[in-house]
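*Asks:*
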Amino acid sequence: MSQFSRIRKYHGFFRFKRDFEQYSLRKAKSYELLLHWLHSKLNRNQFLLLSGILVGCSAGLAGVVLKMLVHYIHYVITYKVHFSTQVIFYVVFPFLGIVLTTLIVVFFFKGQSRKGIPAILHEIAQNSSLIPPVKMYSQILQSAVTVGLGGSAGLESPIAVTGAALGSNYARTYSLGYKERTLLLAAGATAGIASAFNAPIAGMMFAFEILLTGVVFSDFMPLVVAAVCGSLLSKIILQEEVLFHFESRTPFNYHNVPFYIVLGLLCGFYARYFVVLSKKVEHFFQHLGWSALRKAMLGGVLVSALCVALPPLFGEGYTAVKSLAGGHGEIILQNSFFGYFPPQSWMLLVFTGCVCLLKAFATSITIQSGGNGGNFAPSLFAGGFLGFFFAMLCSQIGFTDVPVTNLVIVGMAGVMAGVMYAPLTAIFLIAESSSGYDLFIPLMIVSTTSYLMAKWFSPISPELTELAKEGKVFTKAHDNNILLMLKMQDVVEKDIQRIDIDSNLRELIELVKDGHRNIISVVSQQDKLEGIITLDDIRPIMFNPELYDTVTVKKLMKAPPAVVSLKDNITLVLKKFDEAQVWNLPVVQDKKLIGFVSKSRILNKYRLLLQEYSES
-6 MSQFSRIRKY
4 HGFFRFKRDF
14 EQYSLRKAKS
24 YELLLHWLHS
34 KLNRNQFLLL
44 SGILVGCSAG
54 LAGVVLKMLV
64 HYIHYVITYK
74 VHFSTQVIFY
84 VVFPFLGIVL
94 TTLIVVFFFK
104 GQSRKGIPAI
114 LHEIAQNSSL
124 IPPVKMYSQI
134 LQSAVTVGLG
144 GSAGLESPIA
154 VTGAALGSNY
164 ARTYSLGYKE
174 RTLLLAAGAT
184 AGIASAFNAP
194 IAGMMFAFEI
204 LLTGVVFSDF
214 MPLVVAAVCG
224 SLLSKIILQE
234 EVLFHFESRT
244 PFNYHNVPFY
254 IVLGLLCGFY
264 ARYFVVLSKK
274 VEHFFQHLGW
284 SALRKAMLGG
294 VLVSALCVAL
304 PPLFGEGYTA
314 VKSLAGGHGE
324 IILQNSFFGY
334 FPPQSWMLLV
344 FTGCVCLLKA
354 FATSITIQSG
364 GNGGNFAPSL
374 FAGGFLGFFF
384 AMLCSQIGFT
394 DVPVTNLVIV
404 GMAGVMAGVM
414 YAPLTAIFLI
424 AESSSGYDLF
434 IPLMIVSTTS
444 YLMAKWFSPI
454 SPELTELAKE
464 GKVFTKAHDN
474 NILLMLKMQD
484 VVEKDIQRID
494 IDSNLRELIE
504 LVKDGHRNII
514 SVVSQQDKLE
524 GIITLDDIRP
534 IMFNPELYDT
544 VTVKKLMKAP
554 PAVVSLKDNI
564 TLVLKKFDEA
574 QVWNLPVVQD
584 KKLIGFVSKS
594 RILNKYRLLL
604 QEYSES
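Residue 196 in our numbering is what sits at position 203 of the sequence shown, and the numbering runs on without skipping anything.
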């Protein structure tokens, strides 16, 4: 590059800086100014690649900080004090965590209607992938308080929401379109998951299987670089004991395949038990009729009681799972009331079985009573305990050479696949976390079996069933997903003709002369819709002047075959069109006429959106 070219390039940047500062609506930070300039100079793919790196580093760092904070709190409680003192923490901390989280939400964040992965999916489908900026830090703060103080939930879902919010707001700052915004949203969540587990492939699978369901795109490099950035930060900063990592396992033996098949079936049944119980607990708290603080106090008392009785339920519980996978199950007995009794194999069997069953209660109560967390870690925890319980049971029955460690590891993948409806994420997560690529066959057997059973019980994750029925999240029906992107406000035609119900035929004819529509709405006071009149209704008498002053509009009008509300989604509107077999329907809000919606306008908008959606 010649010296003249370099001077011209630098001059172009400073001229951009001057114009931006002069005409921008807000004063930009220096790094934002640089990125705005790069956005104007780089092509789309180059800027997306740069954006993936920046979003990945930001989301990965957020995940690392949260994991370190929570791990330090648990380390102090678990290793620095004796169990007799730990009981005090188990009594106080989970209660305090849920109550404090609720107070933070009420007083600092003005309440929140959605949290966790469904919140991201809702924003993708209903809000053009625009996530409120507050979620860039609110989820980290709330989950740190909840899980850090012992709430029986996971950090990965809040980390994913935080990463998604970072990606979405980054795209908003630099005025990127819907497809780019959705891609960077997914990249942020990918980096968050990758940093939480030091598992970049699992982070990408999470984005493809859960977040981008029903979204068609051809760009994936931003996801790759974001996952690499998040995983690298995790590897560099986090210590080995913080990471979800397993070293010990036994080589895969095909003679053990029956164990894995039976475990897959158990994981499928347990996953169904987990999600159904979660919905029942959610409905219980929703219909309790108490204030948010009273619900939090009730949930805190219940979770504290469970943690006192079964200490592995305290927090994420990864330490207990590592003990089981390492063949040190007696450790978790020692750190409980069972430690005061002589250790027996049947005692460990009963203890792990109770922990496995009650984990679903503890997690559901923590989240639904006011805490913040997700089902990611709880499903892994429950799967590990279920695998250990099954291995111990087989040993007690008389089977020999039971692969205990392998059953713990693949059990985690099995329950997660059934709870999260994400078998590929579960397979690659456990394979990466345990360096157990030689366990791919048992991982696939258990995860696929559990997932197919979950799909047999419910085609869509129960966590998303209601939102899917209401058309508020995308599914694998791509045509329907595009329709959901259309908003009623964009298709309502407000340039309509109205006539008062007390008018006569003469006034109606004059309105028809000046109009250009085939349908006229009949209204009373305050634009209340009373009926409609079409040209076909008046054509037989419109050329008979003798009837102009004797026939009233009230006699000519008819009730509309159906009415549409502004709150209706487009899928429901098209269903009403098909049932009524018409091309135009009135739009009413609180009985007041807003306008008309036509099927042709919806189909035209759909065609334009499909064209935009399909472009690379």
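Ideal placement from N, C-alpha and C gives every residue a C-beta, glycine not left out.
At what residues does the alpha helix (DSSP H) containing residue 579 begin and finish?
*Replies:* Run containing residue 579: none in the alpha helix (DSSP H); it sits in the beta strand (DSSP E), 577 to 582.
*Asks:* Taking the beta strand (DSSP E) that residue 515 falls in, what are its first and last residues?
*Replies:* 512 to 516
*Asks:* Whole angstroms is fine: what's the gap from residue 126's alpha carbon to residue 154's?
*Replies:* 11 angstroms
*Asks:* Which parts of the stretch 262 to 346 are runs of the alpha helix (DSSP H), unbroken and 4 residues or longer, counting only runs that do not cross its ends?
*Replies:* 285 to 302, 311 to 318 and 322 to 327
*Asks:* Quick check: the Cα distance between residue 157 and residue 39, rounded to an integer number of angstroms?
*Replies:* 21 angstroms
*Asks:* Taking the straight line between their C-alpha atoms, what separation do you get for residue 278 and residue 290?
*Replies:* In this model, residue 278 and residue 290 are separated by some 12 angstroms (Cα to Cα).
*Asks:* At what residues does the beta strand (DSSP E) containing residue 522 begin and finish?
*Replies:* 522 to 527
*Asks:* Please report the distance separating the alpha-carbon of residue 251 from that of residue 446.
*Replies:* 17 angstroms
*Asks:* How big is the Cα-Cα spacing for residue 149 and residue 173?
*Replies:* 24 angstroms
*Asks:* With DSSP as the reference, please indicate the residues paired to residue 486 in a beta bridge.
*Replies:* 589
*Asks:* Between residue 592 and the rest of its own chain, which residues show a CB-CB distance below 6 angstroms, the 5 nearest in sequence each way excluded?
*Replies:* The beta carbon of residue 592 sits closer than 6 angstroms to the beta carbons of 570 and 576 from its chain, once the five residues preceding and following it are set aside; these are given in chain order.
*Asks:* Bridge partners for residue 367 per DSSP, in chain order?
*Replies:* 147
*Asks:* Considering residue 492, what are the terminal residues of the beta strand (DSSP E) in which it resides?
*Replies:* 491 to 493
*Asks:* Do you know whose CA, among 116, 524 and 89, lies nearest residue 136's CA?
*Replies:* 89
*Asks:* With DSSP as the reference, label residue 403 as helix, strand or coil.
*Replies:* helix
*Asks:* Check this for me: beta carbons of residue 147 and residue 370, under 8 angstroms apart or not?
*Replies:* yes
*Asks:* Which residue wins for smallest C-alpha separation from residue 244, given the options 547, 64 and 398?
*Replies:* 398
*Asks:* Less than 8 angstroms between the C-beta atoms of residue 144 and residue 296, yes or no?
*Replies:* Cβ distance < 8 angstroms, so residue 144 and residue 296 count as in contact.
*Asks:* Would you call the stretch 455 to 462 in contact with the stretch 107 to 121, where contact means no fewer than 3 C-beta pairs closer than 8 angstroms?
*Replies:* yes
*Asks:* Kindly confirm or deny that the stretch 405 to 418 and the stretch 210 to 229 touch, where touching means at least three C-beta pairs closer than 8 angstroms.
*Replies:* no
*Asks:* When you compare the CB positions of residue 293 and residue 139, do they come within less than 8 angstroms of one another, or not?
*Replies:* no
*Asks:* Can you confirm whether the stretch 179 to 196 touches the stretch 89 to 101 when touching is taken to mean that 3 or more C-beta pairs between the two stretches lie within less than 8 angstroms?
*Replies:* no
*Asks:* Could you say if the stretch 41 to 51 and the stretch 159 to 178 meet the contact criterion of at least three C-beta pairs nearer than 8 angstroms?
*Replies:* yes
*Asks:* Is the beta carbon of residue 377 less than 8 angstroms from the beta carbon of residue 401?
*Replies:* yes
*Asks:* Taking residue 186 as part of the alpha helix (DSSP H), name the residues at either end of that continuous run.
*Replies:* Segment 171 to 190, the alpha helix (DSSP H) holding residue 186.
*Asks:* At the level of alpha carbons, what is the spacing between residue 479 and residue 351?
*Replies:* 43 angstroms
*Asks:* Measure the alpha-carbon distance for residue 27 versus residue 120 and round it to whole angstroms.
*Replies:* 28 angstroms
*Asks:* Apart from the five residues just before and just after residue 602, which ones in its own chain have a Cβ nearer than 7 angstroms to its Cβ?
*Replies:* 475, 478 and 479
*Asks:* Using the DSSP secondary-structure output, state which residues sit across from residue 545 in a beta bridge.
*Replies:* 497
*Asks:* Could you tell me whether the Cβ of residue 319 comes closer than 8 angstroms to any Cβ of chain C?
*Replies:* No chain C appears in the structure shown, which is made up of a single protein chain.
*Asks:* Return the bridge partner residues of residue 108 from the DSSP annotation.
*Replies:* None; residue 108 has no bridge partner.
*Asks:* Residue 512 to residue 30, Cα distance in whole Å?
*Replies:* Rounded to whole angstroms, residue 512 to residue 30 spans 52 angstroms at the Cα level.
*Asks:* Less than 8 angstroms between the C-beta atoms of residue 375 and residue 406, yes or no?
*Replies:* no
*Asks:* Here's the rule: buried if 16 or more other CB atoms are within 10 angstroms of the residue's CB, otherwise exposed. What is residue 425?
*Replies:* Buried: at least 16 other Cβ atoms inside 10 Å.
*Asks:* Tell me which residue opens and which closes the alpha helix (DSSP H) that residue 122 is part of.
*Replies:* Run containing residue 122: none; DSSP gives neither H nor E here.
*Asks:* Assign residue 81 to buried or exposed, taking buried as 16 or more other Cβ atoms, counted over all protein chains shown, within 10 Å of its Cβ.
*Replies:* exposed
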